[in-house]
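**Q** Position 39, counted from 1, in the sequence shown is what my numbering calls 52; the numbers after and before it change by one each time, with no gaps.
Cβ atoms here follow ideal geometry from the backbone N, Cα and C, with glycine treated the same way.
In this text, all values refer to a predicted model and were calculated from it rather than measured experimentally.
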Amino acid sequence: MLFKSSNAKSKVEADLELRTPSQHVANNPTDLDETGLEPGLLLNLMLKHLYDGDALTLLQLSQRLALRGGIVQSLLSEAKETGLVENRQMSSAGQQRFSLSGEGRRQAQNLFATSGYLGPAPVPLAQYNEVCRQQSSRNRQITREAFTEGMKEVVVPAGLLDQLGPALNSTRPLLIYGLPGTGKSFLCRQLNRLFCDEVLIPHAVAVGHHIIQVYDPHFHHRVVDGSATEALELVAEAVDGRWHRCRRPLLMVGGELTLSMLDVSFDSNSRTFRAPIGLTANNGILLIDDLGRQTISPKAIFNRWILPLEEGRDFLSLPSGEHFEVPFEQLLLFSTNLAPTELVDEAFLRRLGYKVHFGQLDKPTYLRIWQQNCDTFGLESAPGLTDWMLDRLYPEAQKPLLPCHPRDLLSIVSDQVQFGGLSPVITRELLRHAWDLYFVKG
Numbered sequence: 014m015l016f017k018s019s020n021a022k023s024k025v026e027a028d029l030e031l032r033t034p035s036q037h038v039a040n041n042p043t044d045l046d047e048t049g050l051e052p053g054l055l056l057n058l059m060l061k062h063l064y065d066g067d068a069l070t071l072l073q074l075s076q077r078l079a080l081r082g083g084i085v086q087s088l089l090s091e092a093k094e095t096g097l098v099e100n101r102q103m104s105s106a107g108q109q110r111f112s113l114s115g116e117g118r119r120q121a122q123n124l125f126a127t128s129g130y131l132g133p134a135p136v137p138l139a140q141y142n143e144v145c146r147q148q149s150s151r152n153r154q155i156t157r158e159a160f161t162e163g164m165k166e167v168v169v170p171a172g173l174l175d176q177l178g179p180a181l182n183s184t185r186p187l188l189i190y191g192l193p194g195t196g197k198s199f200l201c202r203q204l205n206r207l208f209c210d211e212v213l214i215p216h217a218v219a220v221g222h223h224i225i226q227v228y229d230p231h232f233h234h235r236v237v238d239g240s241a242t243e244a245l246e247l248v249a250e251a252v253d254g255r256w257h258r259c260r261r262p263l264l265m266v267g268g269e270l271t272l273s274m275l276d277v278s279f280d281s282n283s284r285t286f287r288a289p290i291g292l293t294a295n296n297g298i299l300l301i302d303d304l305g306r307q308t309i310s311p312k313a314i315f316n317r318w319i320l321p322l323e324e325g326r327d328f329l330s331l332p333s334g335e336h337f338e339v340p341f342e343q344l345l346l347f348s349t350n351l352a353p354t355e356l357v358d359e360a361f362l363r364r365l366g367y368k369v370h371f372g373q374l375d376k377p378t379y380l381r382i383w384q385q386n387c388d389t390f391g392l393e394s395a396p397g398l399t400d401w402m403l404d405r406l407y408p409e410a411q412k413p414l415l416p417c418h419p420r421d422l423l424s425i426v427s428d429q430v431q432f433g434g435l436s437p438v439i440t441r442e443l444l445r446h447a448w449d450l451y452f453v454k455g
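1. Going straight from the alpha carbon of residue 217 to that of residue 301, what length do you get?
2. Could you work out which residue in 69, 78, 68 is closest to residue 58 when comparing CA atoms only?
3. Are residue 444 and residue 426 closer than 8 Å when you measure CB to CB?
4. Looking only at C-alpha atoms, which of 408, 372, 345, 351 sits nearest to residue 185?
5. Quick one, are the C-beta atoms of residue 364 and residue 319 less than 8 Å apart?
6. Helix, strand or coil, according to DSSP, for residue 191 in the structure here?
7. Over the uninterrupted beta strand (DSSP E) stretch that includes residue 330, give me the two end residues.
8. With distances taken from CA atoms, which of 87, 62, 353, 166 is nearest residue 382?
9. Can the beta-carbon of residue 255 be found closer than 8 Å to that of residue 419?
10. Put residue 108 into one of helix, strand or coil per three-state DSSP.
11. Please report the straight-line C-alpha distance between residue 456 and residue 253, rounded to a whole angstrom.
12. Can you list, in chain order, the residues of its chain whose CB lies under 7 Å from that of residue 114, leaving out five sequence neighbours each side?
13. Report the option in 213, 438, 174, 343 whose CA atom is closest to the CA atom of residue 197.
14. Going by DSSP, what residues sit across from residue 226 in a beta bridge?
15. Given that a residue counts as buried once 16 or more other Cβ atoms are within 10 Å of its Cβ, and exposed if not, what is residue 102?
16. What distance in whole Å lies between the Cβ atoms of residue 215 and residue 136, which are believed to be in contact at a cut-off of 8 Å?
17. When you compare the stretch 193-209 with the stretch 304-318, are there three or more beta-carbon pairs, one atom per stretch, that lie closer than 8 Å?
18. Between which two residues does the alpha helix (DSSP H) harbouring residue 424 extend?
19. Do you know how far the Cα of residue 182 is from the Cα of residue 222?
20. Closest to residue 260 by CA distance: which of 340, 204, 280, 421 is it?
21. Among 378, 270, 159, which one has its Cα closest to the Cα of residue 310?
22. Is residue 105 buried or exposed, if buried means 16 or more other CB atoms sit within 10 Å of its CB?
23. The beta strand (DSSP E) spanning residue 142 covers which residue range?
24. According to the neighbour-count rule (16 or more other Cβ atoms, all chains shown, within 10 Å of its Cβ), is residue 108 buried or exposed?
25. Which complete beta strand (DSSP E) runs does the stretch 55-80 hold, if anything under 3 residues is left out?
26. Using the C-alpha atoms, what's the distance from residue 219 back to residue 89?
27. Give me the residue from 440, 366, 422 with the minimum Cα distance to residue 6.
28. Helix, strand or coil: how does DSSP classify residue 275 here?
29. CB-CB under 6 Å to residue 168, same chain, minus the five flanking residues each way: which ones, in chain order?
30. Quick check on residue 110: buried or exposed, where buried means 16 or more other Cβ atoms within 10 Å of its Cβ?
31. Does chain D have any CB closer than 8 Å to the CB of residue 284?
32. Mind checking residue 412: buried by the 16 CB within 10 Å criterion, or exposed?
33. Reducing DSSP to helix, strand and coil, say where residue 52 ends up.
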């Protein structure tokens with residue numbers, strides 16, 4: 014078990030303890046009232062699905078809306094009473110099909126003109142806020158044992174472990190800085206190994222009569238039922254179908270970051286609202302990579318998030334001007350190749366809390382990474398090769414020992430071995446050739 018509590022518990026007990034609160038607030042609704050949504054919003058969404066599907070059965074509508082059949086049936090009854098929906102010929106399986114009337118089609122077209130969202134029914138904002146806070150990764154503390162176990166497949170220098178571990182238990186952001194190639198981005202991407210649990214991510218959230226899609230398959234990786242524990246299966250049967258069971262998200266943005274990505278935006282082409290990166294990364298990790306390379310200044314980025322970081326909540330607004338509050342529940346990491354003092358002044362640096370420097374490696378750590386990559390590429394070093402590399406090649410070239418070098422050099426060696434049909438043994442000649450191709454002279 015990666016996260017230790019004050020008293021020993023089995024993994025199943027811990028899983029149940031973590032997920033039960035979300036189960037209570039995300040139970041599958043049995044009627045319209047329990048959805049927490051305005052009936053009109055659900056009715057309009059159903060009309061759009063009927064427009065898209067032409068003629069659908071109750072089961073098909075229920076699957077599209079991720080709602081129980083009884084709820085959809087009540088929506089259909091209301092739509093038929095107002096002349097928006099008509100019964101159609103039975104399906105081949107003998108199920109009643111439904112389609113839009115002429116007036117229903119006109120109304121659906123008008124709805125699509127203002128909102129292109131076509132997906133499962135959203136969850137109410139209040140319910141999202143409650144579930145998100147209960148699933149916060151801050152609810153469990155990372156220990157040295159947990160960090161070591163979670164990162165056992167990643168080579169982490171001892172000095173970095175002692176700095177990163179406590180920083181991850183802090184509510185303050187973490188700034189990682191150092192030369193290019195020191196493994197900053199790579200290690201940040203591996204930190205999700207520490208969070209082997211799962212969270213509930215809503216497909217979409219309703220803010221008033223607007224729908225904002227939160228679920229993004231690029232960042233939210235759904236859990237396959239076959240990999241779930243018995244405890245997870247029990248929860249899965251009770252959880253509202255509008256939520257997805259996912260691994261904790263990891264969202265990384267670099268030089269493409271713009272100020273508009275920090276707030277809700279409206280896509281005029283699809284006519285849908287896009288969730289900001291902070292909302293997408295909730296209950297996970299948000300990594301701002303290459304800080305200082307964006308079109309917006311680091312100071313502007315920090316200014317935008319100072320209040321959310323201190324209060325654990327963010328205030329967003331829709332293009333229409335409507336404001337609403339959401340939790341700010343993620344680990345916020347910044348990575349840069351620049352010196353911190355080049356980014357912001359001392360006052361801002363103090364508010365960041367943790368600043369961790371990534372530098373060159375010592376020889377033992379370098380050799381661990383070298384061997385790990387040799388295993389990956391199916392290569393082995395000739396006798397005395399690594400001593401020759403560390404004692405001659407590096408000093409002569411005046412190059413620091415960086416974590417990226419073993420992977421990059423061995424990749425070139427592997428290409429040479431495959432091209433020449435050679436034995437998978439790294440000789441001095443092969444390594445020298447790779448070295449000259451990799452490092453720029455002059």
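**A** Short version:
1. For the purposes of this step, residue 217 is identified with residue 204 of the sequence shown, where counting begins at 1. For the purposes of this step, residue 301 is identified with residue 288 of the sequence shown, where counting begins at 1. Each residue's alpha carbon lies about 24 Å from the other.
2. Residue 58 sits at position 45 when you count from the first residue of the sequence shown. The residue from 69, 78, 68 with its alpha-carbon nearest to that of residue 58 is 78.
3. By 1-based counting over the sequence shown, the position of residue 444 is 431. By 1-based counting over the sequence shown, the position of residue 426 is 413. Yes, these two residues count as a Cβ contact at 8 Å.
4. Residue 185 sits at position 172 when you count from the first residue of the sequence shown. The candidate whose alpha carbon is nearest that of residue 185 is 345.
5. Locating residue 364 in the sequence shown gives position 351, where the first residue counts as 1. Locating residue 319 in the sequence shown gives position 306, where the first residue counts as 1. When the beta-carbon positions are compared, residue 364 and residue 319 come within less than 8 Å of each other.
6. Reading the sequence shown from its first residue, position 178 is the one you call residue 191. It is a strand residue.
7. As a working mapping, residue 330 is identified with position 317 in the sequence shown. Where residue 330 is concerned, the enclosing beta strand (DSSP E) stretches over 326-330.
8. As a first step, residue 382 is located in the sequence shown; it is residue number 369 there, counting from the start. Closest option to residue 382, Cα to Cα, is 166.
9. Within the sequence shown, the letter at position 242 stands for residue 255. Within the sequence shown, the letter at position 406 stands for residue 419. Contact flag unset, no.
10. The sequence position of residue 108 within the sequence shown is 95, counting from 1. DSSP, read as helix, strand or coil, puts residue 108 in coil.
11. Outside the shown range of the chain (14 to 455) lies residue 456, about which nothing can therefore be said.
12. Your numbering for residue 114 matches position 101 in the sequence shown. Excluding sequence positions up to five before and after residue 114, its CB lies within less than 7 Å of the CB of 96, 97, 98, 99, all in the same chain and listed in chain order.
13. Taking the first residue of the sequence shown as position 1, residue 197 is located at position 184. The candidate whose alpha carbon is nearest that of residue 197 is 174.
14. On the sequence shown, position 213 is the one that residue 226 refers to. In DSSP, residue 226 forms a bridge with 217, 287.
15. Position 89 of the sequence shown, counting from 1, holds the residue named residue 102. It counts as exposed.
16. By 1-based counting over the sequence shown, the position of residue 136 is 123. By 1-based counting over the sequence shown, the position of residue 215 is 202. Yes, residue 136 and residue 215 are in contact; Cβ-Cβ is about 4 Å, under 8 Å.
17. No, because fewer than three Cβ pairs between the stretch 193-209 and the stretch 304-318 fall closer than 8 Å, the two stretches do not touch.
18. Indexing the sequence shown from 1 puts residue 424 at position 411. Its alpha helix (DSSP H) spans residues 417-433.
19. By 1-based counting over the sequence shown, the position of residue 222 is 209. By 1-based counting over the sequence shown, the position of residue 182 is 169. Spanning the two alpha carbons is a distance of roughly 37 Å.
20. Stepping through the sequence shown from its first residue, residue 260 is reached at position 247. Checking every option, the nearest Cα to that of residue 260 belongs to 204.
21. Position 297 of the sequence shown holds residue 310. Out of 378, 270, 159, 270 has the C-alpha closest to the C-alpha of residue 310.
22. Working through the sequence shown from its first residue, we reach residue 105 at position 92. Around the CB of residue 105, fewer than 16 other CB atoms lie within 10 Å, so the residue is classed as exposed.
23. Reading the sequence shown from its first residue, position 129 is the one you call residue 142. Per DSSP, residue 142 belongs to no beta strand (DSSP E); it is in the alpha helix (DSSP H), 138-147.
24. Looking up residue 108 in the sequence shown gives position 95. The residue in question, residue 108, is exposed, as its Cβ has fewer than 16 Cβ neighbours within 10 Å.
25. With a minimum length of 3 residues, the continuous beta strand (DSSP E) runs that stay inside the stretch 55-80 are 68-70.
26. Taking the first residue of the sequence shown as position 1, residue 89 is located at position 76. Taking the first residue of the sequence shown as position 1, residue 219 is located at position 206. Spanning the two alpha carbons is a distance of roughly 21 Å.
27. In the structure as shown, the chain starts at 14 and stops at 455, and residue 6 therefore has no counterpart that could be examined.
28. For the purposes of this step, residue 275 is taken as the residue at position 262 of the sequence shown. When DSSP states are grouped into helix, strand and coil, residue 275 belongs to the helix group.
29. Against the sequence shown, residue 168 aligns to sequence position 155. If we look at residue 168 and ignore the five residues flanking it on each side, its Cβ neighbours are 381, 382.
30. Translated into the one-based positions of the sequence shown, residue 110 becomes position 97. Flag for residue 110 reads buried.
31. Protein chain content of the structure displayed is limited to a single chain, and chain D is not contained in it.
32. Stepping through the sequence shown from its first residue, residue 412 is reached at position 399. The residue is exposed, with fewer than 16 neighbouring Cβ atoms inside 10 Å.
33. Here residue 52 corresponds to residue number 39 of the sequence shown, with the count starting at 1. Helix, per DSSP.
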